[in-house]
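I have placed the structure first, in the form of structure tokens, so that the comments after it can refer back to it.
Number of protein chains: 2
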Amino acid sequence: MKHALLWVIAACILCARLASAQVTHAGRLHNLMPIPAEVSFGDGQLSIDSTFRVAMTGHKEVRLSRAAKRLVLRLSRETGIPVNAEVSNDSGMATLHVRCEGGGNSIPSLREDESYALVVTSAKARLIARSPYGVLRGLETFVQLVESGPEGFRAPAVRIADAPRFPWRGLLIDVCRHWMPMEVLKRNLDAMAAVKLNVLHWHLSEDQGFRIESKRFPKLHTMGSDGMYYTQEETREIISYAADRGIRVVPEFDMPGHTTSWFVGHPELASAPGPYQIEPSWGVFDPTMDPSREEVYKFLDTFIGEMAALFPDQYFHIGGDEVNGKQWNTNQRIQTFKRKNKMKDNHDLQVYFNRRLLSLLTKHSKKMVGWDEVFHPDLPKDIVVQSWRGQKSLADAAQQGYQGILSFGYYLDHMRAASYHYSVDPLDSGATELTPDQKRSILGGEACMWAEFVTAENIDSRIWPRTAAIAERLWSPAEVMNSEDMYRRLGVVSQRLEWLGVRHRSVYALMLRRLAGYESPPSQEDPLWRAGITPLQTLADVLEPVKFYERPRSRAYTSLTPLNRLVDATRPESERAREFSTMIQQLLADSSRARHVETIRSWLSEWRDNDAKLRPLFETSFLLKEIDPVSRNLTDVAETGLRALKAFENGMKVDRTQSNEWLTFLDRAGQAQAELILMIAPPVRRLVEVVLPVR
Amino acid sequence: MKHALLWVIAACILCARLASAQVTHAGRLHNLMPIPAEVSFGDGQLSIDSTFRVAMTGHKEVRLSRAAKRLVLRLSRETGIPVNAEVSNDSGMATLHVRCEGGGNSIPSLREDESYALVVTSAKARLIARSPYGVLRGLETFVQLVESGPEGFRAPAVRIADAPRFPWRGLLIDVCRHWMPMEVLKRNLDAMAAVKLNVLHWHLSEDQGFRIESKRFPKLHTMGSDGMYYTQEETREIISYAADRGIRVVPEFDMPGHTTSWFVGHPELASAPGPYQIEPSWGVFDPTMDPSREEVYKFLDTFIGEMAALFPDQYFHIGGDEVNGKQWNTNQRIQTFKRKNKMKDNHDLQVYFNRRLLSLLTKHSKKMVGWDEVFHPDLPKDIVVQSWRGQKSLADAAQQGYQGILSFGYYLDHMRAASYHYSVDPLDSGATELTPDQKRSILGGEACMWAEFVTAENIDSRIWPRTAAIAERLWSPAEVMNSEDMYRRLGVVSQRLEWLGVRHRSVYALMLRRLAGYESPPSQEDPLWRAGITPLQTLADVLEPVKFYERPRSRAYTSLTPLNRLVDATRPESERAREFSTMIQQLLADSSRARHVETIRSWLSEWRDNDAKLRPLFETSFLLKEIDPVSRNLTDVAETGLRALKAFENGMKVDRTQSNEWLTFLDRAGQAQAELILMIAPPVRRLVEVVLPVR
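If you're matching them up, the sequences are chains C and Z in order. For reference, each letter of the first sequence is one residue, going 21 to 715 in the working numbering. For reference, each letter of the second sequence is one residue, going 21 to 715 in the working numbering.
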């Protein structure tokens, strides 16, 4: 009873209206991500040592005890605390006392209560939540609080009241363009749970592959894939693994376009005769289902029935994007069908198809999700529109009472900076004019990992850590938007995610090492050997892959093309170039930053000298040959930067010819080569601009 | 027809008696491991580019086409060749033409024909084998031949005729002391195949856990494990995954000792009443099956029948080691039973138990394998003795006509150098006196990965790359024994194994990073941050874990103890210390090696300066605190080394007091601290010894 007061406080925190004004650091620098709705640090800290025990009271379920066990195992691995993963009922002895006030669906649905309150004092930690989902989220926050000190591990005293801003916080994984084995999904589910994402959007069929077993139509997966597909048992395993972590699994079967792989075994579904084969290229293709044939709906009725029974989530994604209409236009029967049904264009035909699909989904008790294209004002209000077009598109739908989720701005395959994704808010832009009620129909968003240019090997490095920034955008209050602080915390989260199992960090060295070739351990005195891959990494650290859809510009890509070049190893965002750029900005804003000058000079010198160290590798590694000019570029840009820095220090302006030459060179150096962008060219250009002659 | 001659040559090579005299480098430095029985390099090379195609003729089976596909995918990942994994029959167009002369068991048995011939010319590569097993081995050799050059990838012209020296080349993985998930087994099977190992010895039951589902006696796995066990479906998956790679799977159920976990659900099998619980500690424990009760054999009959149906291999390992006899001695009924049956001691009782077990195995068509202890001269000749005692033990059995495999000298958990394992030959020592026929009954050996001190996280780093050296010992001619060249090739193999999926290399940085704590990305100019974990790695690079069974000396270990300290991250063998030691040796042998002096000085200086760089981490990382004295030690040893080096260069001898002080210090510095050994202390001591005053 003596702790009753604390429970009352925790409960009050939980019940209090979550204030939107939120102090980022709440009295203390912390590593929480996403930042809780309300957080306030106090004095003191709770020791995390070998006496650490978890007790759980209130609602009981196996999911909670498993979650507590995972928590203890993680703490154990990070801290060296001997594992005592037994969860007791005895709150008196517990370091962390978890109280769950009520149950929740065993398979999560859209509107679970994910709120929780967490109070840490120097004596104890208490987590209280109304549902198991709140407990799961709160446990992740607790793990993030634990930090290492010289005398052991500890969690700072804090009071947290937390709940998500949006109920739909997802990650789309495309398993069709490149196959993703079970372990890729599992480790990414672990990572999703760590940053409080709650929807795995599983993109299961595409022109390039049909990736799930159908017992009713086995030709779908046997003929529509290269043998790489999830069995129904594996599918259930993923669903249950996700549910254990409070994550929904929404399957997507993209129709009526993006369906080539269906037609390999079932050409009768298509709008042109066939035969078909699995599409090895990337893009938008002609094969499209025939909406004019009743047999197609009969087939889909059976298929959707089978999948609806397999996937327990209320929602079922039917894709609906990028139908180019070519097969429809050349099919006489379809043209006749359109005329007979007074359809004025292919959009009308797709609306008809969607309406038929919708009735099948309804029959099988599912709600429909589709991309922007499916939206039509006479569809029922419980459909969900997923927008790749932007907030305006969602807002238009919301004004008509439709629900939506945002993916515009969250395309991970565009290789953009975390700060960019972080700046995209589902309620910005077109959505600002909405009424509070209309805003509530914007359910959240989804990061999208389209897989044309990722494999099981490097997918983690494209998803993480950037997706953690998106997760914060979707969970934390809108006012949390300090990008600099986001990057600081992202660095910590990134490490912890790797310990949890995703390999975004370790795959980098592995791929660089492989690019460097089969290195024979050399004579002991060889300095090149001792340098190892350092010069290659020094270069790679300031490169980024080309953005958006630029990769196929320089070479033809298909599903047969290996993704093992430097562009596939480099990180989507160069941390080092970002830091360099910040230093240059700060220096130019305040030239008294003398320490900056020293660091900038030393970095530029390292880069200038790098090509000479890296060059020997070009003699032995065929795969690195293409970066020979990129490496020279780094040296030349750094050399230019050093000269401009000297002029800047001496207060000199360089002559016009010289400066024009530099600017021309830097513009060229900033362009893509070998599908890579040298990210220090723009900041060096800014330095050059200040030493230009005044006109 | 025009290539008929080459086929004849290949076939001749294959049929030729494999010469035992073998030139290590066969005209060219190569990276093959294990070294083939016969290899001879020619002129020219075969380009491996996007025209690369595989054709297969002769005997067809899905296992071969899958193997060819894996080969192409690997080459593709390493070289960037677009994947064309379709295998044709058209040998004319093929870069690599594989001819399989005949079939083989779909589940490998002990005496499969693994021989093959491989001929590479500048026009084509040809692999010929009598069975699919030879093809599998030959494909691995082919992959190892491919190397990177400035103009692309290539394989050198070569003629290889190869066959293993021993038919049983295994790796034991203990999945009981620490649980190993499916992916650990799979990736290690991939790595085993790469170095031509052919037996996975699956240690499935122990005092600490019963790790496989029994449908007949479900209490075995449900009560005898923490929920971590392989289902029968998973077991079949592993067996089939292994068979696809030509690897046998031999299950071990250790009896009558090491059986605590059986008794948790089935105390009636034990020699003392119970109740029992899963043993969390390491060691030899009392619980032992009761050989005097018929119910035990009835139980084992059913159990072995179930497992015999699940595991297709002819051999079944019954353990049989380390029975301490305590439960037997205190059980009156067992004592009476012994007297009644005229057994003079517990060994007789175990012999009786084994004989009963043997008849059960025979009933279920299995041959028995057991540790040294099971050997008894009235057992039938087709049993196999696995020896942890040594070659003498095997030889004694062989002289009586028994078959054996060696594991003495191949215990990976002893943390010994690859060169040590490499030097242990199953036919050395006691076995040299055997007749050729007796020698043939020595079937090979097995590396043993006992799992008291490894987890799923670091197990790869304990198995690889050292096991590749054991694999070479068991495959290559006995004359292949140049340890220096082995290390050179091992470095290459180690990298390639990592690309294949085992994580012995990448887990190192991951664990060091975690030990360093949750590093907040710092201010840009902070040199400590830029150093990252480099100082920690500099130290870790010259440390090794303590050897043999020394870990429990300094602290109590149980299955609850996390294995996340520096001793768990450091590699079993320090490459850098080995190189340093070699340099010192060479310098002392030939003081004209001036370049050595420079390198030695620069390495010693780096080590001397390391403690200052590492020290700040001790302030923030609790887990690293224990290595504070180890780090100081490195600095002090290096300082001593620098002084001795100076004296050596000047031709001076140091005075007696000084030298005694140094030697005393170095002896102390070479002792274990925090379960770690500083490996540069002995070579520095050798340097000091030469500057000692002459008596």
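Heads up, the beta-carbon is just placed ideally off N, CA and C, and yes, glycines get one too. Predicted model only: the values in this text are computed from it and were never measured.
Starting from Z:Leu530, find everything on chain C with Cβ-Cβ shorter than 8 Å and list it in chain order.
Glu518, Trp519, Arg525 and Ser526, listed in chain order.
Determine which residues of the region 167–183 of chain C have a Cβ less than 9 Å from any Cβ of chain Z, and write them out in chain order.
Answer in chain order: Glu167, Ser168, Gly169, Pro170, Glu171, Gly172 and Phe173.
If we cut at 8 Å on Cβ distances, does Z:Pro703 have a partner in chain C?
It does not: the Cβ of Z:Pro703 has no partner Cβ on chain C nearer than 8 Å.
List the endpoints of the continuous beta strand (DSSP E) containing Z:Gly64.
Taken as a continuous stretch (DSSP letters only), the beta strand (DSSP E) holding Z:Gly64 covers Glu58 to Ile68.
If Z:Leu454 sits next to Z:Leu559, beta carbons under 8 Å apart, how far is it from one beta carbon to the other, in whole angstroms?
Between Z:Leu559 and Z:Leu454 the Cβ distance is about 47 Å, and since that is not below 8 Å, they are no contact.
So, does the region 343–361 of chain C touch the region 414–421 of chain C, judging by three or more C-beta pairs under 8 Å?
Because the criterion of three Cβ pairs below 8 Å is not met, the region 343–361 of chain C and the region 414–421 of chain C do not touch.
Along the chain, where does the beta strand (DSSP E) containing Z:Ala467 start, and where does it finish?
Taken as a continuous stretch (DSSP letters only), the beta strand (DSSP E) holding Z:Ala467 covers Ile462 to Met469.
DSSP three-state call for C:Arg375: helix, strand or coil?
Helix.
When burial is assigned at 16 or more other CB atoms within 10 Å of the CB, is Z:Lys666 buried or exposed?
Z:Lys666 is exposed by the Cβ-count criterion.
What are the partner residues of C:Phe173, as DSSP defines its beta bridges?
Paired residues: C:Ile68 and C:Ser168.
What number of angstroms, rounded off, separates the C-alpha of Z:Ser225 from the C-alpha of C:Arg256?
In a straight line, the C-alpha of Z:Ser225 is about 29 Å away from that of C:Arg256.
Using DSSP with H/G/I as helix, E/B as strand and the rest coil, what is C:Met501?
C:Met501: coil per DSSP, three-state reduction.
Bridge partners of C:Ser108, per DSSP?
Paired residues: C:Ala75.
Restricting to Cα atoms, I'd like to know which of Z:Gly154, Z:Ser168, Z:Cys196 and Z:Gly244 is closest to Z:Leu217.
When only C-alpha atoms are compared, the closest one is Z:Gly154.
What does Z:Ser96 touch in chain C if you count any residue whose Cβ is under 7 Å from its own?
Those are Pro582, listed as they occur along chain C.
Does the beta carbon of Z:Arg585 sit closer than 8 Å to a beta carbon anywhere in chain C?
It does; some Cβ of chain C falls within 8 Å.
Would you give the residue range spanned by the alpha helix (DSSP H) that Z:Trp682 belongs to?
From DSSP, the alpha helix (DSSP H) with Z:Trp682 extends over Arg676 to Ala689.
Is there a Cβ from chain C that is less than 8 Å from the Cβ of Z:Val103?
Chain C, which has a Cβ nearer than 8 Å to the Cβ of Z:Val103, makes this yes.
Return the residues of the region 503–517 of chain C that lie within a Cβ-Cβ distance of less than 8 Å from chain Z, sorted by chain order.
Cβ contacts with chain Z: Tyr507, Arg508, Gly511, Val512, Gln515 and Arg516.
Within the chosen definition, does the region 496–514 of chain C reach the region 67–83 of chain C through at least 3 CB pairs nearer than 8 Å?
Segments in contact, no.
What residues in the region 623–652 of chain Z have a beta carbon less than 8 Å from any beta carbon of chain C?
Residues Phe638, Glu639, Thr640, Ser641, Phe642, Leu643 and Lys645.
Chain C beta carbons: is any one of them nearer than 8 Å to that of Z:Gly661?
So, not an interface residue.
Determine, using beta carbons only, whether Z:Glu132 comes closer than 8 Å to chain C.
No, Z:Glu132 lies away from the interface with chain C (no Cβ there is under 8 Å from its Cβ).
Anyone know if the C-beta pair for C:Asp392 and C:Val405 falls short of 8 Å?
Against a cut-off of 8 Å, the Cβ pair of C:Val405 and C:Asp392 comes out as a contact.
Could you tell me which chain C residues have their CB closer than 7 Å to the CB of Z:Gly100, listed as they occur along the chain?
Residues of chain C passing the Cβ test: Pro582, Asn584, Arg585 and Leu643.
What does Z:Gly537 reach in chain C if we use C-beta pairs closer than 7 Å?
Ser168, listed in chain order.
Could you name the residues of the region 433–462 of chain Z whose beta carbon sits closer than 8 Å to any beta carbon of chain C, in the order they occur along the chain?
For the region 433–462 of chain Z, which is checked against every Cβ of chain C, not one residue is closer than 8 Å.
Using a C-beta cutoff of 8 Å, does Z:Glu203 count as contacting chain C?
By this cut-off, Z:Glu203 is an interface position.
Can you name the residues of chain Z whose CB is closer than 7 Å to the CB of C:Val534?
Looking at the sequence provided, one finds Arg at residue 534 of chain C rather than Val. Here the neighbours are Glu98 and Trp519.
Any chance you could list the beta strand (DSSP E) runs of at least 3 consecutive residues sitting entirely within the region 335–423 of chain C, in chain order?
Qualifying beta strand (DSSP E) stretches, in chain order: 335–339, 387–391 and 404–407.
Give me the Cα-Cα distance between Z:Gln42 and Z:Ser496, rounded to the nearest whole angstrom.
Interpretation of Z:Gln42 is limited by its pLDDT of 42, a score under 50 that renders its predicted location unreliable; the figure taken from the coordinates is listed afterwards. C-alpha separation (whole angstroms): 10 Å.
Span of the alpha helix (DSSP H) holding C:Ser625?
Per DSSP, C:Ser625 belongs to the alpha helix (DSSP H) from Ala614 to Arg628.
Taking 8 Å as the CB-CB limit, is Z:Glu695 close to chain C?
Chain C contact via Cβ: absent.
Measuring only the C-alpha atoms, how far is C:His286 from C:Met248?
If I take the Cα positions, the gap works out to 18 Å.
Looking only at its own chain, which residues have a Cβ that is under 6 Å from the Cβ of Z:Asp321, when we skip the five neighbours before and after it?
For Z:Asp321, where only same-chain residues beyond five positions count, the Cβ hits under 6 Å are Leu380.
Check whether the region 328–336 of chain Z and the region 258–270 of chain Z are in contact - that is, three or more C-beta pairs closer than 8 Å.
Enough Cβ pairs lie closer than 8 Å, so yes.
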